[in-house]
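**Student:**
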Amino acid sequence: MTAPGTPASPPSAKLTALALAARKGSAERVAVVTAYDVAFARLADRAGADIILVGDSVGMVVQGHASTLPVTLDEMVYHSRAVARGVARAHVVADMPFMSYQASIDEGMRAAGRLVKEGGAEAVKLEGGVAVAELIRRLVSVGIPVMGHVGMTPQSVHAFGGFKVQGRTEVQRQRILADARAVADAGAYAMVIESVPRALGREITAEVSALTIGIGAGPGCDGQVLVMHDVLGLDPTWKPRFARRYAALGDAAVEAFGAYFGDVRAGRFPADGESFE
Ligand code: KIV
324 MTAPGTPASP PSAKLTALAL AARKGSAERV AVVTAYDVAF ARLADRAGAD IILVGDSVGM
384 VVQGHASTLP VTLDEMVYHS RAVARGVARA HVVADMPFMS YQASIDEGMR AAGRLVKEGG
444 AEAVKLEGGV AVAELIRRLV SVGIPVMGHV GMTPQSVHAF GGFKVQGRTE VQRQRILADA
504 RAVADAGAYA MVIESVPRAL GREITAEVSA LTIGIGAGPG CDGQVLVMHD VLGLDPTWKP
564 RFARRYAALG DAAVEAFGAY FGDVRAGRFP ADGESFE
């Protein structure tokens, strides 16, 4: 409900799934980045992110696992809550972790409910297509916006035999197209398309009514998403082909830590102005 005198949509209003979905077919691309804590969520929001994704990539880039599979629902709720506290404008989407929705529709509904209710997420993201279409339909029907995720879905890493580009064979291409159609037809407002040939990214984007957000899916998608560690160069040893580094914060951090340790060891820190009378 809007309080009397409150403008219906102030200029700094939060971006919603509806507002973002309305960009489909326009030239306005959707800029998405992941974040896992309040500090980086604030920075990404300040920089103008449209969507901040609390990705289950947290398992790899924050927790140090080799895949996203170990991430728990409690952990996603925790990270989502931290991110949501730091965001004023961007739309906040939280990933549903592995096995929080695959066993049954009821479990999936409850897991999504926790991400929204406790985690402050404004939409949830889940992987798959035909197999999760009914769950997407149910979530949308109770008012939870859903972002799908098709192509190379990291929670199926073992089935794919690694994080490998999908959709290069005709069988894979048809499967991914069927998944994308199922996700859109079930009512998802958006879907991530990950690691597919750029022609397939373009084809899905032209065909489905949902926004497409590419990662390693070429320039033909409605928007792009990258993991924040890749954008910021937080790990100097890691740069996937599909990512672009916009800073070298990993190297900058090593330099800053080194300078601090050097000052401590040499007695240069703290100075008088950094201590009390
Ligand atoms: O978990 C994640 O960060 C993601 C993006 C890579 C799309 O799913």
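Counting in this note's numbering, the sequence shown runs from 324 upward without gaps.
Glycine is no exception: its CB is placed at the ideal position from the N, C-alpha and C atoms.
All of these numbers come straight from a predicted model, not from anything done at the bench.
#1: Considering only heavy atoms of the ligand KIV and the C-beta of each residue, which residues fall inside 7 angstroms, strictly closer?
#2: Would you mind working out which of E398, E578, T560 and E517 sits nearest G546, comparing C-alpha positions?
#3: Tell me which same chain residues have a C-beta within less than 6 angstroms of the C-beta of G537, skipping the five on either side of it?
#4: Check whether the segment 503 to 514 touches the segment 438 to 445, counting contact only when three or more Cβ pairs, one atom from each stretch, lie closer than 8 angstroms.
#5: Exposed or buried, T492, counting other C-beta atoms within 10 Å across all chains shown (16 or more means buried)?
#6: Excluding sequence positions up to five away, which residues of its chain have a Cβ less than 6 angstroms from the Cβ of A503?
#7: With contact counted as at least three CB pairs below 8 angstroms, one residue from each stretch, are the segment 372 to 385 and the segment 574 to 589 in contact?
#8: Evaluate Y424 with the Cβ neighbour count: other Cβ atoms within 10 Å of its Cβ, from every protein chain shown; 16 or more gives buried, anything less gives exposed.
#9: Is the CB-CB distance between T533 and D553 below 8 angstroms?
#10: Roughly how many whole angstroms lie between the Cα atoms of A364 and E600?
#11: Report yes or no: do the segment 452 to 466 and the segment 397 to 416 share at least 3 C-beta pairs separated by less than 8 angstroms?
#12: Determine the extent of the beta strand (DSSP E) in which A533 is found, giving its start and end residues.
#13: Please check the pair M399 and A426, which I expect to be a contact at CB under 8 angstroms, by giving their CB distance rounded to whole angstroms.
#14: A522: which of A389, P542, A505 and A513 sits nearest, CA to CA?
#15: Can you say whether F584 is buried or exposed, counting buried as having 16 or more other CB atoms within 10 angstroms of its CB?
#16: Taking the alpha-carbon positions, what's the G490 to E597 distance?
#17: I'd like the span of the alpha helix (DSSP H) that includes I459, first residue to last.
#18: Nearest to A529 by alpha carbon, out of S349, F486, V587 and R568?
#19: Name, in chain order, the residues that DSSP records as bridge partners for T357.
#20: Have a look at the DSSP bridge pairing and note the partners of D586.
#21: With distances taken Cα to Cα, identify the nearest neighbour of M475 among A435, R498 and A571.
#22: Taking just the CA atoms, how far does S479 sit from L392?
#23: With C-beta atoms as the reference, is A372 less than 8 angstroms away from V361?
#24: In or out: P468 buried (at least 16 other Cβ within 10 Å) or exposed?
**Tutor:** On the basis of the coordinates in this document:
#1: Output, sorted by chain position: T357, L376, G378, D379, S380, T391, D418, K448, H472, P477, V515, E517, I538, V548 and V550.
#2: In this structure, E517 is the residue among E398, E578, T560 and E517 with its C-alpha nearest to the C-alpha of G546.
#3: For G537, same chain residues with a beta-carbon under 6 angstroms away, outside a window of 5 residues either side, are I516, G524, C544 and Q547 in chain order.
#4: With a cut-off of 8 angstroms, the segment 438 to 445 and the segment 503 to 514 do not count as touching, because too few Cβ pairs lie within range.
#5: Looking at its Cβ environment, which holds fewer than 16 other Cβ atoms inside 10 Å, T492 is exposed.
#6: Residues of the same chain with a CB within less than 6 angstroms of the CB of A503, apart from the 5 flanking positions on each side, are V473, I527 and V531 in chain order.
#7: Because the criterion of three Cβ pairs below 8 angstroms is not met, the segment 372 to 385 and the segment 574 to 589 do not touch.
#8: Classification for Y424: buried.
#9: In the sequence as presented, Thr is not what sits at residue 533; that position holds Ala. No.
#10: Rounded to whole angstroms, A364 and E600 show a C-alpha spacing of 36 angstroms.
#11: Because the criterion of three Cβ pairs below 8 angstroms is not met, the segment 452 to 466 and the segment 397 to 416 do not touch.
#12: Neither: A533 is in no beta strand (DSSP E) and is coded neither H nor E.
#13: The pair is not a contact, with the Cβ atoms about 16 angstroms apart (cut-off 8 angstroms).
#14: Selected option, being the one with the closest Cα: P542.
#15: So F584 counts as exposed.
#16: One C-alpha to the other measures close to 58 angstroms.
#17: A456 to S464 is the span of the alpha helix (DSSP H), which, as asked, contains I459.
#18: Of the candidates S349, F486, V587 and R568, the one whose C-alpha sits nearest the C-alpha of A529 is S349.
#19: Bridge partners of T357: L376.
#20: DSSP, once it has assigned bridges, lists no residue as partnering D586.
#21: For M475, the closest of A435, R498 and A571 by C-alpha to C-alpha distance is R498.
#22: Rounded to the nearest angstrom, the two C-alpha atoms are 9 angstroms apart.
#23: Their beta carbons are not under 8 angstroms apart, which means A372 does not touch V361 by this criterion.
#24: P468 comes out buried.
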